[in-house]
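Chains as they are written, first to last, in numbering that gives the first Met the number 0: chain A, 0 to 210; chain B, 0 to 210.
There are 2 protein chains.
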Amino acid sequence: MSQSDTKIRILDAAEHLFARHGFHNTSMRAITSEAEANLAAANYHFGSKEALLQAVFERRLVPLNQQRTERLRHIVGQAEQAGILPDVRDLMRAFIEPTLTFRNQDHGTRAFVSLIGRSMVEMDSTSRDCFIPLIEPLFKLLFTSLQRALPHLPPAILLTRLQFAMGAMGRTLCAPDQTPLQVDVESSPSNSEAVAEALIGFVSAGLEAPC
Amino acid sequence: MSQSDTKIRILDAAEHLFARHGFHNTSMRAITSEAEANLAAANYHFGSKEALLQAVFERRLVPLNQQRTERLRHIVGQAEQAGILPDVRDLMRAFIEPTLTFRNQDHGTRAFVSLIGRSMVEMDSTSRDCFIPLIEPLFKLLFTSLQRALPHLPPAILLTRLQFAMGAMGRTLCAPDQTPLQVDVESSPSNSEAVAEALIGFVSAGLEAPC
DNA sequence: GTCTATAGATTGATAGAC
DNA sequence: GTCTATCAATCTATAGAC
Chain A
0 MSQSDTKIRI
10 LDAAEHLFAR
20 HGFHNTSMRA
30 ITSEAEANLA
40 AANYHFGSKE
50 ALLQAVFERR
60 LVPLNQQRTE
70 RLRHIVGQAE
80 QAGILPDVRD
90 LMRAFIEPTL
100 TFRNQDHGTR
110 AFVSLIGRSM
120 VEMDSTSRDC
130 FIPLIEPLFK
140 LLFTSLQRAL
150 PHLPPAILLT
160 RLQFAMGAMG
170 RTLCAPDQTP
180 LQVDVESSPS
190 NSEAVAEALI
200 GFVSAGLEAP
210 C
Chain B
0 MSQSDTKIRI
10 LDAAEHLFAR
20 HGFHNTSMRA
30 ITSEAEANLA
40 AANYHFGSKE
50 ALLQAVFERR
60 LVPLNQQRTE
70 RLRHIVGQAE
80 QAGILPDVRD
90 LMRAFIEPTL
100 TFRNQDHGTR
110 AFVSLIGRSM
120 VEMDSTSRDC
130 FIPLIEPLFK
140 LLFTSLQRAL
150 PHLPPAILLT
160 RLQFAMGAMG
170 RTLCAPDQTP
180 LQVDVESSPS
190 NSEAVAEALI
200 GFVSAGLEAP
210 C
């Protein structure tokens, strides 16, 4: 075959292991082993470990971010047409919800969303060098859209609050099921939709808080 | 000398490098090099790399958490005595503020606070095994205190929201100066106090949001 | 495109002299 | 307690047969 599915199996395995253990704590051998492929094949297809990470990001993040961009533009456009301010909750939902919907597609996208969450909160330079260029235009669009929704809020304050929101969101995407700090509680919202709605409500309230 | 300061220099270097590059991306050689100590000396004093991480956590986190515990207990006690509900902002300030105050003491504590932030958001199992047992009792106290402040809120919802707050806080402690996703903005709140107040306002608004 | 074999560097940890 | 020297394991990446 001209395009072997080995390449895809390696991408899937890398996605899974980078998400679970992080970039530096995942070896090429672990990836090719899980992919049932050869170590040399991975370097043949991708060139290096870092280039493999880049490929993992690009495969899914480009279409996902396009979807989010369109939703944001639509909300801002509709509000402009109606002569009203865009709604903070609508904007944050446009940014957050596609990620969670994406998450529920299959095991691959599920792992990918964890990787996104990890990349949003980690400081690791390798991951950030791959991730930030792919997310920055969308982040700027979100920022300017929120400026329209909250015209009274100083931009510097908005930016600071948006960083808080990214922290809350990143941690949630990274480990949505598990409760990292356990507390005895009957039941926590298990399904993604409930967590997403709770997150949207939380960050919207924080963004809209009085100054 | 019976207790060489080599041990302390190694602790300081490990604290700094673990905070900046993470556990797995920091080598024992990098630590001993920065500490101007010998590789074998580090293993002599601490036994292993993981035990060194444990020692880094314990040195500062135990007194810091004791201070936070006392502040939380004081707020709950005062409210109880006055026959009113404790205030969410006061509770979150008691949890967050000592960390930032601690941060401004010297370069060592500054690096340590970054490490705490990193540990709050990362999934890495090694760091978590060392960190979680040290923070869990305090986290449970914060949770029960917030339950008193927000008696109408279902515990499961409160727990979910508290996880969001931990994400926002962890990311802030991890990288308070730098703006990971750059946006052109005149000036963002540079000093720790302003960021801390913004964070307290953000998470309190999120916790108090209607259900 | 896929494999074996291996180069070349780096890792955590330890033995043993002083 | 501190050092040199080194072990054994692991890592990324590549050369070369098929």
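Glycine included, C-beta positions come from ideal geometry on N, C-alpha and C.
Check, Outcome
"For a contact defined as C-beta to C-beta under 8 Å, what are the partners of residue 202 of chain B on chain A?", "163 and 205"
"Our contact map puts residue 117 of chain B next to residue 91 of chain A with C-beta atoms below 8 Å; I'd like the distance itself, whole angstroms only.", "Their Cβ separation, rounded to whole angstroms, is 26 Å, which puts residue 117 of chain B and residue 91 of chain A out of contact at 8 Å."
"Residue 12 of chain B: buried (16+ other C-beta within 10 angstroms of its C-beta) or exposed?", "buried"
"Considering only residues of the same chain and omitting the five flanking positions on each side of residue 40 of chain A, which have a CB-CB separation below 8 Å?", "5, 9 and 31"
"With a threshold of 7 Å on Cβ separation, who are the neighbours of residue 146 of chain B within its own chain once the five nearest residues in sequence on each side are excluded?", "154 and 157"
"Assign residue 28 of chain B to buried or exposed, taking buried as 16 or more other Cβ atoms, counted over all protein chains shown, within 10 Å of its Cβ.", "exposed"
"Mind the definition here: the segment 70–78 of chain B touches the segment 89–103 of chain B only if three or more C-beta pairs lie below 8 Å; say whether that holds.", "yes"
"Any idea if residue 124 of chain A is buried or exposed, counting beta-carbon neighbours within 10 angstroms, 16 or more meaning buried?", "exposed"
"Once you ignore the five residues that flank residue 130 of chain B on each side, which residues in its own chain have a CB closer than 7 Å to its CB?", "56 and 118"
"Please report how far the alpha carbon of residue 193 of chain B lies from the alpha carbon of residue 142 of chain B, in whole angstroms.", "25 Å"
"Once you ignore the five residues that flank residue 173 of chain A on each side, which residues in its own chain have a CB closer than 6 Å to its CB?", "113, 116 and 117"
"Using 9 Å as the limit for Cβ to Cβ distance, is residue 94 of chain A near chain B?", "no"
"For a contact meaning CB atoms closer than 7 Å, what does residue 208 of chain A contact in chain B?", "200, 201 and 204"
"Excluding the 5 residues preceding and the 5 following residue 133 of chain A in the sequence, name in chain order all residues of the same chain whose CB lies nearer than 8 Å to its CB.", "56, 57, 60, 61 and 64"
"Looking at the structure shown, is residue 121 of chain A part of a helix, part of a strand, or coil, going by DSSP?", "coil"
"Is the distance from the Cβ of residue 198 of chain B to the Cβ of residue 171 of chain B below 9 Å?", "yes"
"How is the alpha helix (DSSP H) around residue 173 of chain A delimited, first residue to last?", "154–173"
"For residue 99 of chain B, which of B:204, B:201 and B:196 has the nearest alpha-carbon?", "B:196"
"In the segment 35–119 of chain A, which residue ranges form an unbroken alpha helix (DSSP H) of at least 4 residues, counting only runs that do not cross its ends?", "38–45, 48–81 and 87–102"
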